[in-house]
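Colleague: Residue numbers (the working numbering), protein chains in the order written: chain A, 1 to 148; chain B, 1001 to 1138. All residues carry an ideal CB built from backbone N, CA and C; glycine is no exception. Okay, handing you the structure first.
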Amino acid sequence: MTIPGFEHAQPLEGLVGGLMIGLAAAIMLLGIGRIAGVSGLTARATGIADSGPPRSLAVTFVIALVAGAVLVELVTGTIEARFPPELWMLVAAGLCVGFGTRMGSGCTSGHGVCGMSRLSQRSISATLTFMGAGIATVAVMNALGKGW
Amino acid sequence: MRQHLLTLVAGALFGGGLAISGMMDPARVRGFLDLFGNWDPTLAFVMGGALAVMAIAWFLQKGMTHPFADAHWHLPGTRTLDRKLLGGSALFGIGWGLGGLCPGPAIASLGVNFGQVASFVLAMLVGMVGHRLLLERR
């Protein structure tokens, strides 16, 4: 299935994957009463954060997250992935994402999926902010000839 | 034990969903942020699907006294919009645009694209530790 004008988009795969992500977040919410926020769970699993869910739960989530993707790769054969061409981009991006998600108390999953669907003003503001900053960053990189 | 089992299922569904949706492809995620260039709307469909399910979940949650496998809810109650929230989110967005990666897809990629994603994940953890050292007072 394709969208005219955006032939490279994958709306159906996106929707199916999105429903799975929503179901995962719903299981976390209704099952154990917690937000499925990957930045927070990662910080907790690695011991970088002291507060949050019991560490064993965070570790379980992180391992399962990796396993779920591996399972899809085993079944479908391959997962398309085109990474940034230069190492400095990956390193600078990682530093910003790590520091920023802790400072802003969440990322695309916690604020974007869980918080926005709760109509949390904080999460809606956070999501608009990181999407805006991301769009601006890509535009600037393109203008500098560093698009990829 | 029940909590761990539920978390295991949720984590695997989340990782599988990221893989199927194309969100583990940094160039595709970057494409969504390339609004003024070669825009790729796929992420909007992912977000739409996830939000639709979660909107129902929050509706159901309102009618429950406690989650299935716990006696209490553990949900954030902060309501204030502050500089920390917006500044942190802006910084996160800059990194997201630079690398086409946010924490979920990055962690999920460790099992299938370790060599390519390892430097990002390591830098992300360093950034998290940096935040703790610089901004979190005990």
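Please report the residue range of the alpha helix (DSSP H) in which A:F61 lies.
Modeller: Here residue 61 of chain A refers to the residue found at position 61 when the first sequence is read from its first residue. Residues 55-76.
Colleague: Provide the residue span of the alpha helix (DSSP H) that contains A:G22, from first to last.
Modeller: Along the first sequence, one-based indexing puts residue 22 of chain A at 22. Its alpha helix (DSSP H) spans residues 11-32.
Colleague: Hey, is A:R82's beta-carbon within less than 9 Å of any beta-carbon in chain B?
Modeller: For the purposes of this step, residue 82 of chain A is identified with residue 82 of the first sequence, where counting begins at 1. Output row for A:R82: interface = yes.
Colleague: Looking at the structure shown, is A:I79 part of a helix, part of a strand, or coil, going by DSSP?
Modeller: Position 79 of the first sequence, counted from the start, is the residue given in the question as residue 79 of chain A. Coil.
Colleague: Spell out the partners DSSP gives A:F6 in its beta bridges.
Modeller: The residue given as residue 6 of chain A occupies position 6 in the first sequence. Answer by DSSP bridge pairing, in chain order: A:I3.
Colleague: Would A:P4 count as contacting chain B if we go by Cβ distances under 9 Å?
Modeller: Residue 4 of chain A sits at position 4 when you count from the first residue of the first sequence. It does not: the Cβ of A:P4 has no partner Cβ on chain B nearer than 9 Å.
Colleague: When you check each C-beta in the segment 1001-1022 of chain B against every C-beta of chain A, which residues fall closer than 7 Å?
Modeller: So the list reads Q1003, H1004, L1006, T1007, L1008, V1009, A1010, G1011, A1012, L1013, F1014, G1015, G1016, G1017, L1018, A1019, I1020, S1021, G1022, given in the order they occur along the chain.
Colleague: Comparing C-alpha positions only, which one of A:S105, A:E73, A:R82, A:G37 sits nearest to B:G1016?
Modeller: Looking up residue 1016 of chain B in the second sequence gives position 16. For the residues A:S105, A:E73, A:R82, A:G37, the minimum Cα distance to B:G1016 belongs to A:E73.
Colleague: Mapping the DSSP letters down to three states, classify A:P85 as helix, strand or coil.
Modeller: Within the first sequence, the letter at position 85 stands for residue 85 of chain A. Residue state, collapsed to three classes: coil.
Colleague: Under 8 Å Cβ-Cβ, which residues of chain B neighbour A:S56?
Modeller: Sequence index remark: in the first sequence, residue 56 of chain A carries index 56 (1-based). The answer, in chain order, is H1004.
Colleague: Would A:A25 and B:A1012 qualify as a contact pair, given that the criterion is a beta-carbon distance under 9 Å?
Modeller: One-based indexing of the first sequence puts residue 25 of chain A at position 25. One-based indexing of the second sequence puts residue 1012 of chain B at position 12. It is not a contact, given that the beta carbons lie outside the stated cut-off.
Colleague: Does B:A1069 come out as helix, strand or coil in the three-state DSSP assignment?
Modeller: The count along the second sequence starts at 1 and reaches residue 1069 of chain B at position 69. Coil at B:A1069, not helix or strand.
Colleague: Using beta carbons (cut-off 9 Å, strictly below), is A:G145 in contact with chain B?
Modeller: The count along the first sequence starts at 1 and reaches residue 145 of chain A at position 145. It does not; no Cβ of chain B falls within 9 Å.
Colleague: Terminal residues of the continuous alpha helix (DSSP H) containing B:V1112?
Modeller: Along the second sequence, one-based indexing puts residue 1112 of chain B at 112. Neither: B:V1112 is in no alpha helix (DSSP H) and is coded neither H nor E.
Colleague: Quick one: Cα of B:A1055 to Cα of A:D50, how far?
Modeller: Mapped onto the second sequence, residue 1055 of chain B falls at position 55. Mapped onto the first sequence, residue 50 of chain A falls at position 50. Cα to Cα, B:A1055 sits roughly 30 Å from A:D50.
Colleague: From the DSSP output, in three-state form, read off B:G1058 for me.
Modeller: Sequence index remark: in the second sequence, residue 1058 of chain B carries index 58 (1-based). Correcting the residue type first, residue 1058 of chain B is Trp in the shown sequence and not Gly. B:W1058: helix per DSSP, three-state reduction.
Colleague: For A:G47, which residues from the same chain have a beta carbon less than 8 Å from its beta carbon, with the 5 sequence-adjacent residues on both sides left out?
Modeller: As a working note, residue 47 of chain A is residue 47 in the first sequence. Only R55 meet the Cβ criterion.
Colleague: By the 7 Å beta-carbon criterion, what residues does the segment 1123-1135 of chain B contribute toward chain A?
Modeller: Answer in chain order: A1123, M1124, L1125, V1126, G1127, M1128, V1129, G1130, H1131, R1132, L1135.
Colleague: Since A:L23 and B:V1053 are thought to touch, with beta carbons under 8 Å apart, how far apart are those beta carbons, to the nearest angstrom?
Modeller: For the purposes of this step, residue 23 of chain A is taken as residue 23 along the first sequence, with counting starting at 1. For the purposes of this step, residue 1053 of chain B is taken as residue 53 along the second sequence, with counting starting at 1. With 8 Å as the limit, A:L23 and B:V1053 qualify as a contact, their Cβ atoms being about 6 Å apart.
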